[in-house]
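Step one of this worksheet: look at the structure below.
Residue numbers (the working numbering): 134 to 541.
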């Protein structure tokens, strides 16, 4: 018996021989009145969905880290923009491609592809795949095998890729449910929701070039709450055929907390990802580092320049292709004497990454462009975790050194 019910029983004691029988139902009626889900009579309105879908427990995260050389840095605090939903734990595995020039089959590393195949092979109920490009036959084979063993496989892609990528064409002919984005702007995501419990996402398209030649990253995060965010985005595209600006922001838990780790989900264009990134950059106190396939967004560059003038260290690497156009921010940042370079990979630097104060990492499919922010369909994660940041920092250092000393 709770303290509240004990007091109620004491007040009613001795008033009637029926008091013991009436106490419980009377209290129940009072409680139901207080928890009335409407908004009349000044009573409390309870959000039952929130009450039972969030766990108000904070524990230290359990992190599965793929070993990557690099130093661990001291984390700084990210000012809260919303009250985060807390959860007990999260697991992640982070992968980077390791392109070798010149590309030869004998020297190829399939780690990232085999990791995704392992995730697909482990699925029990569902695989919701939103991918811009898919031409890796082993991945296609794994998806078909999953469908044959009873896993519900669904795919969202871009119409241009569906017309060109043989693996997507094969999956479509095999009866895998597939929805293309037929707009001129692109469906540029590269994520998979696994059994509604985990998410695979990053910059990596499921292609030979992105696997063996281009610099990319992918992360696999086990978190039902995060998976719900991505599942809802997938349903908007697959079921409602809502892409780009027609997609509405309905993210269940845009800000999640796992112990001391904060994970924020941003879908473009509905969540104004460039604005969120700009705010983070303007809060930088020590350092800003980035790797950019395409960087033309003026507002993001403005924020970088302002923080550099305030004494914040700035280092960046641009994909060479397109970086000398008038739209690119490379020349502008160079005019400010910032430590920015064209990449040294003879193929393609395909990362879209910011590392802020060695503790906050921003990454995903989102290029730093107006098209990504306003027209395409994209996703971006903002994660405050110094271990994760140190892994991305090690990759940045490798890419940065290659930019300064490109292979010949």
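Just so you know, even glycine gets a beta-carbon here, dropped at the ideal spot from N, CA and C.
Would you give the residue range spanned by the alpha helix (DSSP H) that residue i belongs to?
i	result
residue 530	519 to 537
residue 433	431 to 442
residue 363	357 to 371
residue 343	341 to 345
residue 467	463 to 468
residue 505	503 to 507
Count the other CB atoms within 10 Å of the CB of residue i; is the residue buried (16 or more) or exposed (fewer)?
i	result
residue 238	exposed
residue 522	buried
residue 390	buried
residue 526	buried
residue 457	exposed
residue 402	buried
residue 443	exposed
residue 518	buried
residue 397	buried
residue 381	exposed
residue 569	Any question about residue 569 goes unanswered here, given that the chain covers just 134 to 541.
residue 495	buried
residue 450	buried
residue 532	buried
residue 323	buried
residue 468	exposed
residue 422	buried
residue 369	buried
residue 485	buried
residue 412	exposed
So, for residue i: in the same chain, excluding its five sequence neighbours on each side, which residues have a beta-carbon less than 6 Å away from its beta-carbon?
i	result
residue 258	328
residue 261	287, 326, 367
residue 513	399, 406, 497, 499
residue 321	265, 498, 509, 511
residue 173	In this predicted model, residue 173 has a pLDDT of only 30, less than 50, meaning its place in the structure is not dependable enough to derive any value.
residue 476	450, 452, 453, 482, 536
residue 305	311
residue 438	469
residue 436	411, 414, 415
residue 165	Interpretation of residue 165 is limited by its pLDDT of 39, a score under 50 that renders its predicted location unreliable; no figure is taken from the coordinates.
Please go through the same chain and pick out, in chain order, the residues whose beta-carbon is closer than 7 Å to the beta-carbon of residue i, but skip the five residues on each side of it.
i	result
residue 232	345, 346, 347, 348, 478, 480
residue 318	377, 504, 508, 509
residue 313	290, 291, 292, 295
residue 303	273
residue 270	300
residue 385	361, 362, 365
residue 244	228
residue 241	345
residue 330	355, 357, 360
residue 465	434
Within a Cβ cutoff of 8 Å, which residues of the same chain sit near residue i, ignoring the five residues on either side of it in sequence?
i	result
residue 272	246, 249, 250, 253, 300, 339
residue 455	427, 461
residue 387	215, 362, 397, 398, 399, 404
residue 417	440, 445, 489, 490
residue 284	256, 257, 258, 259, 260
residue 419	209, 445, 446, 490, 491
Got a sec, what are the start and stop residues for the beta strand (DSSP E) residue i sits in?
i	result
residue 404	No beta strand (DSSP E) holds residue 404; DSSP gives it neither H nor E.
residue 424	420 to 425
residue 578	Absent from the model: residue 578. The displayed extent of the chain is 134 to 541, so no value can be given.
residue 224	224 to 229
residue 312	311 to 314
residue 383	Counting along the chain, residue 383 falls outside any beta strand (DSSP E), and DSSP gives it neither H nor E.
residue 323	323 to 327
residue 447	446 to 451
residue 475	472 to 475
residue 494	493 to 497
residue 331	331 to 335
Using alpha carbons as the reference points, say which of the options lies closest to residue i.
i	options	result
residue 310	417, 450, 276	276
residue 474	320, 538, 375, 501	538
residue 224	357, 350, 236, 235	357
residue 429	501, 453, 360, 256	501
residue 483	494, 453, 441, 330	453
residue 520	279, 433, 323, 490	490
residue 279	256, 268, 267	256
residue 374	506, 316, 298	316
residue 372	263, 234, 529	263
residue 341	370, 267, 383	267
residue 529	447, 459, 540	447
residue 230	332, 308, 350	350
Does the beta carbon of residue i sit closer than 8 Å to a beta carbon anywhere in chain C?
i	result
residue 293	You won't find chain C in this structure, because it holds only one protein chain.
Regarding residue i and the ligand ATP, is the C-beta to nearest heavy atom distance less than 7 Å?
i	result
residue 516	Annotation note on the ligand ATP: not contained in the displayed structure, which lists no ligands.
> Which ranges does the alpha helix (DSSP H) cover as unbroken runs of at least 4 residues, wholly within the region 244 to 305, from first to last along the chain?
Replying inline: 244 to 255, 270 to 281, 292 to 297
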